[in-house]
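Colleague: When the letters of the sequence shown are read in order and numbered with the numbering used here, they come out as residues -12 to 153.
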Amino acid sequence: MAWRSFDIEAAHGNYGVDEGNECPICDKHRGIGALVGPVIYADELVLVTHRPLTEGTPVPGYLFVETRRHAPTLSTLTDAEARAVGWAARRAAHALYVELAPQFVFSAITGLSVAHFHQHVFARPHGTPASVPWSNADAWPDAPHVDACALGELCDRLAIHFVTEH
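1. Would PRO25 and GLY114 be called neighbours here (beta carbons separated by less than 8 angstroms)?
2. Closer than 6 angstroms by C-beta to GLY7: which residues in its own chain qualify, once you throw out the five before and the five after it? Chain order, please.
3. Please report the residue range of the beta strand (DSSP E) in which ILE27 lies.
4. My assumption, with CB atoms under 8 angstroms, is that LEU34 sits in contact with GLU9. Please give the rounded CB distance.
5. Which word fits VAL23, buried or exposed, when buried means at least 16 other C-beta atoms lie within 10 angstroms of its C-beta?
6. Straight-line CA distance for TRP121 to ARG111?
7. Short of 8 angstroms in beta carbon distance, which residues of its chain neighbour ALA137, apart from the five on each side in sequence? Order them along the chain.
8. Which residue's Cα is closest to the Cα of ALA135: LEU40, GLN106, CYS13?
9. DSSP three-state label for ALA124, please.
10. By Cβ distance below 7 angstroms, which residues in the same chain neighbour SER94 in space, the five residues on each side in sequence not counted?
11. Going by alpha carbons, who is nearest to GLY18 out of ALA102, ARG55, PRO45, GLY98?
12. Using CA coordinates, which residue listed in TRP127, TRP74, THR36, LYS15 is at the minimum distance from LEU141?
Structure, rendered in structure tokens:
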């Protein structure tokens, strides 16, 4: 599909091995399941993806930084993985700031539902009312939304920020 910034097979390769566990993020890394979204950046340690359209019509600018290795928490990352996550999260935040000019860019490592390290990096659009929770711009009915074509174009623009110096 044209909306992917990187070829799914090249980005996913043989990574995401979950050692027999059922892990939706490991499946995602193999290009399987509802969590598969456009790949913005991929290397041997981390992937950066945009939230997929399978989760409704997302507000643009909701990214995930995930380790390729099935590591459940921040404390279980290797030093190299932690450095790669930090670099990718900073690049993701910078890319969102430049491309979307949001009111804020937030980042969080939360949740108990999937035991595979993933960091959320997401934009809060300008004009979002204070009554909308910081972590849920989707709750704002007037938030900007994207279709597959616009999402692909955004991800292509975001990807540029991972290969240029800032």
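Glycine included, each C-beta is placed from N, C-alpha and C at the ideal position.
Modeller: If we stick to the structure as given:
1. Result no, Cβ atoms of PRO25 and GLY114 do not sit closer than 8 angstroms.
2. Low local confidence applies: a pLDDT of 48 at GLY7 is under 50, so the model's placement there is unreliable, with the coordinate-based value given in what follows. Setting aside the 5 residues that flank it on each side, GLY7 has no residue in the same chain whose C-beta is closer than 6 angstroms to its C-beta.
3. From DSSP, the beta strand (DSSP E) with ILE27 extends over 26 to 29.
4. About 19 angstroms separates the two Cβ atoms, so there is no contact after all.
5. Its Cβ being crowded by 16 or more others within 10 Å, VAL23 is buried.
6. The straight-line gap from Cα to Cα measures roughly 8 angstroms.
7. For ALA137, where only same-chain residues beyond five positions count, the Cβ hits under 8 angstroms are PRO47.
8. Nearest C-alpha to ALA135: LEU40.
9. Looking at ALA124 - three-state DSSP - the assignment turns out to be helix.
10. For SER94, where only same-chain residues beyond five positions count, the Cβ hits under 7 angstroms are ALA76, ALA80, GLN106, HIS107, VAL108.
11. Of the listed residues, the one whose Cα sits closest to GLY18 is ARG55.
12. Closest in alpha carbon position to LEU141, among TRP127, TRP74, THR36, LYS15, is THR36.
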